[in-house]
Amino acid sequence: FYANVYGRIAGCLSGVKTIITTLHNPDYTYEDNGRFSFKARKLIDKYTGRMFNRRFIAVSQAVKDDYQKHMGLKDIDVLYNSIDFKELKINPSLDIQAERKAMGLEKEDFVLLNIGRLHNQKGQIYLLEAMKILTKENARFKLLIVGAGPLRQRLSDEIAKNGLTKNVFLLGEREDIVKLFQLSDVFVFPSIYEAFGVVAAEAMAMEKIVVVSDIDGLREVVGPAGVYVKCRDSRGIADSVRKIFNRPADYNEMKKEAGRRALDLFSVENNAGKLEKVYLECSG
Numbered sequence: 002f003y004a005n006v007y008g009r010i011a012g013c014l015s016g017v018k019t020i021i022t023t024l025h026n027p028d029y030t031y032e033d034n035g036r037f038s039f040k041a042r043k044l045i046d047k048y049t050g051r052m053f054n055r056r057f058i059a060v061s062q063a064v065k066d067d068y069q070k071h072m073g074l075k076d077i078d079v080l081y082n083s084i085d086f087k088e089l090k091i092n093p094s095l096d097i098q099a100e101r102k103a104m105g106l107e108k109e110d111f112v113l114l115n116i117g118r119l120h121n122q123k124g125q126i127y128l129l130e131a132m133k134i135l136t137k138e139n140a141r142f143k144l145l146i147v148g149a150g151p152l153r154q155r156l157s158d159e160i161a162k163n164g165l166t167k168n169v170f171l172l173g174e175r176e177d178i179v180k181l182f183q184l185s186d187v188f189v190f191p192s193i194y195e196a197f198g199v200v201a202a203e204a205m206a207m208e209k210i211v212v213v214s215d216i217d218g219l220r221e222v223v224g225p226a227g228v229y230v231k232c233r234d235s236r237g238i239a240d241s242v243r244k245i246f247n248r249p250a251d252y253n254e255m256k257k258e259a260g261r262r263a264l265d266l267f268s269v270e271n272n273a274g275k276l277e278k279v280y281l282e283c284s285g
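Numbering (my numbering), first residue to last: 2 to 285.
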């Protein structure tokens with residue numbers, strides 16, 4: 002919000018002829034708390050956008066729909082976020098079992114991975130509830146949570162309270178994301194809402210089985226190449242993970258489709274030309 006508003010005003014004052022705003026989040030559908038501050042923010046965003054902007058770019062149809070519904074904006078192009086496939090390469094020589102052992106994991110463990118800001122929006126609390134269900138059935142279920150944020154202490158407390166300290170690990174922020182993708186069995190992303198879900202697209206690029214919330218932004222990204230659960234449904238998460246654990250070979254084609262879909266829709270090479278076209282149209 003602040004970057005958008007300040008950027009528009011600064012651009013206008015400095016004589017910039019064409020101002021384009023990229024919209025990254027469905028702010029006004031999911032974050033409406035009814036307070037005066039929220040209403041004022043919405044009003045400022047709306048009128049500075051209409052006064053100063055030539056064009057808008059939304060990172061997904063879900064974001065475009067949000068801004069059209071709440072702000073009445075029209076000149077919005079949908080251009081997906083891109084991911085760098087040069088950085089997301091499967092390393093065939095990686096000794097996965099050695100890497101697992103170094104992290105305290107065993108060969109027989111079934112490893113779930115979650116990457117994202119530790120925040121209510123990301124739904125990690127429901128993932129912990131799912132792990133409580135799964136670990137009662139089989140202690141081999143393990144969960145790695147990567148990221149930082151305001152929910153860390155609550156998650157840590159829930160892990161301790163539910164006896165999950167040997168099964169759930171808060172890893173903080175990490176640089177070795179590709180390695181973590183490779184040593185995991187399933188990527189789980191139970192967000193309450195998402196504009197796009199870059200990390201889900203990255204998991205697809207790594208040909209992982211992805212289990213995601215059945216919400217607009219993630220349906221748009223994942224398409225038919227993933228497993229969907231109802232939002233805030235811990236038992237649904239557990240049931241889906243259990244099915245994958247029991248019959249992993251059934252999901253081999255889904256993993257390949259995930260890789261193909263990510264390459265087709267989210268590669269830098271494919272999206273750069275689309276962005277260039279928008280810029281050229283606006284500068285003409």
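The C-beta atom is built at its ideal place from N, Cα and C for all residues, glycine as well.
Alpha helix (DSSP H) containing residue i: first to last residue?
i	result
S284	269–284
Y29	28–31
L156	153–162
K309	With the chain covering 2 to 285 only, the question about residue 309 has no answer from this structure.
F246	235–247
R9	3–14
Y252	Segment: none, Y252 is in no alpha helix (DSSP H) and carries neither H nor E.
E107	No alpha helix (DSSP H) contains E107, which DSSP labels as neither H nor E.
M205	199–206
A63	62–72
Start and end of the beta strand (DSSP E) containing residue i?
i	result
K123	Element bounds for K123: n/a, residue is neither H nor E.
I146	142–147
L172	169–173
S214	210–214
From the DSSP output, which residues share a beta bridge with residue i?
i	result
L114	L145, F188
F57	T22, I77
V230	S214
I1	The displayed coordinates of the chain run from 2 to 285. Any statement about residue 1 would go beyond what the structure contains.
Given this structure, state the Cα-to-Cα distance separating residue i from residue j, to the nearest angstrom.
i	j	result
V187	V212	7 Å
T49	V199	28 Å
K278	N272	10 Å
P27	L14	28 Å
R153	K47	34 Å
G148	P191	14 Å
I45	K244	48 Å
D251	K40	48 Å
G218	E138	32 Å
L74	R51	8 Å
F37	T30	16 Å
E270	R141	40 Å
F170	S83	29 Å
L145	R155	16 Å
V189	L113	7 Å
E221	F197	8 Å
E107	K167	12 Å
R9	F111	49 Å
Q125	V6	31 Å
P249	S241	11 Å
H25	A59	6 Å
R101	C283	50 Å
K180	G35	43 Å
**Prompt:** Hey, is the segment 49–57 in contact with the segment 8–24, meaning 3+ C-beta pairs nearer than 8 Å?
**Reply:** Between the segment 49–57 and the segment 8–24, the count of C-beta pairs closer than 8 Å reaches three or more; the two stretches touch.
**Prompt:** Does the segment 226–235 come within contact of the segment 169–179, defined as at least 3 CB pairs closer than 8 Å?
**Reply:** No, the segment 226–235 is not in contact with the segment 169–179.
**Message:** Across the segment 127–143 and the segment 230–241, are there enough close Cβ pairs to call them in contact, namely three or more that are closer than 8 Å?
**Reply:** Per the Cβ contact rule, the segment 127–143 is in contact with the segment 230–241 (3 or more Cβ pairs under 8 Å).
**Request:** Flag this pair as touching only if the segment 69–80 and the segment 90–97 have three or more C-beta atom pairs under 8 Å; answer yes or no.
**Result:** Look at the beta carbons and you see the segment 69–80 not touching the segment 90–97: under three pairs across the two are nearer than 8 Å.
**Asked** Counting Cβ pairs closer than 8 Å, one from the segment 258–268 and one from the segment 117–124, do we hit at least three?
**Response** Touching, no.
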